[in-house]
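Its first residue numbered 15, the sequence shown is counted upward by one per residue in the working numbering.
Even glycine gets a Cβ: it sits at the ideal position worked out from N, Cα and C.
Please read these numbers as outputs of a predicted model, since none were measured by experiment.
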Amino acid sequence: MDTALPTPTPELVRANLEKFEQQGIVTEAALHQLVATFPLNERLEDILLKVVAINSIYGTNIFAFEEAARHIHSLGIDEALSRADPSVVHRIAQMTIRGKPRNNYSFATKYCSWHKPHEYPIYDNLVDEQLWRYRTQDRDGFSDFRHPDLRDYPKFKEIIQKFAYRYGLTDFSIRDIDKFLWIQAKGL
15 MDTALPTPTP ELVRANLEKF EQQGIVTEAA LHQLVATFPL NERLEDILLK
65 VVAINSIYGT NIFAFEEAAR HIHSLGIDEA LSRADPSVVH RIAQMTIRGK
115 PRNNYSFATK YCSWHKPHEY PIYDNLVDEQ LWRYRTQDRD GFSDFRHPDL
165 RDYPKFKEII QKFAYRYGLT DFSIRDIDKF LWIQAKGL
């Protein structure tokens with residue numbers, strides 16, 4: 015049986031953020047520099063570099079880099095990203111790779127987050143696991159979402175925001191909450 019998760023507090027979040035920074039400082043800096051150098055998604059070459067880097071660092075199982083880059087390029091996402099439009103995540107996620115439809119949801123959240131980290135929370139299995147454990151722990155009732163809601167991006171973002179609100183973590187950014195949940199799931 016799972017042990018109860020600790021109640022998230024600002025102190026616990028800060029401690030987990032410190033752990034995250036100790037582990038990921040070089041990776042975070044490299045991706046930040048890459049996206050700062052190529053902030054737009056107008057040139058296929060720029061998109062390809064970002065696809066390869068994000069996929070390689072996060073292991074998101076994109077095996078057809080150029081096809082994924084062409085897909086993103088065809089969407090013309092910069093205006094939607096500038097507005098923090100959550101629908102851009104699903105537009106990026108739904109791609110055809112080598113003739114087969116794929117849903118690269120986790121990759122798409124990471125791609126958008128690296129362009130607007132305070133607007134696009136990152137979804138991955140570890141964050142999913144933590145949010146679901148907090149939900150099913152049900153002692154605090156921060157949200158009554160269903161598990162599939164975590165894979166619906168507008169709902170996922172709302173769940174993250176409710177989590178932050180419920181536990182008094184609204185002074186932290188969405189990216190900080192991502193890092194907290196990830197470190198919490200890793201048990202570091």
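Unbroken beta strand (DSSP E) runs of no fewer than 3 residues, entirely contained in the segment 103-144, are found at 108-111, 114-117, following chain order. Per DSSP, the unbroken alpha helix (DSSP H) holding N30 starts and ends at 24-51. Boundaries of the alpha helix (DSSP H) around I191: 188-200. Residue state for Y181 is assigned as coil, using DSSP reduced to three classes. By the Cβ test, the segment 27-34 is not in contact with the segment 68-86, since fewer than three Cβ pairs between them sit closer than 8 Å. Straight-line spacing of the CA atoms in P20 and K193 works out to 16 Å. Between I188 and H132, the C-beta spacing is below 7 Å. The three-state secondary structure of N69, taken from DSSP, is helix. Taking the C-beta atoms as reference points, I106 is found no nearer than 7 Å to P135. A residue is called buried once 16 or more other Cβ atoms fall within 10 Å of its Cβ, and N118 is buried on that count.
Secondary structure note for R84: its alpha helix (DSSP H) is the uninterrupted segment 79-89. According to the DSSP assignment, E93 belongs to the alpha helix (DSSP H) that extends over 92-96. Between E80 and the set I61, E93, I91, L95, the nearest pair of CA atoms involves I61.
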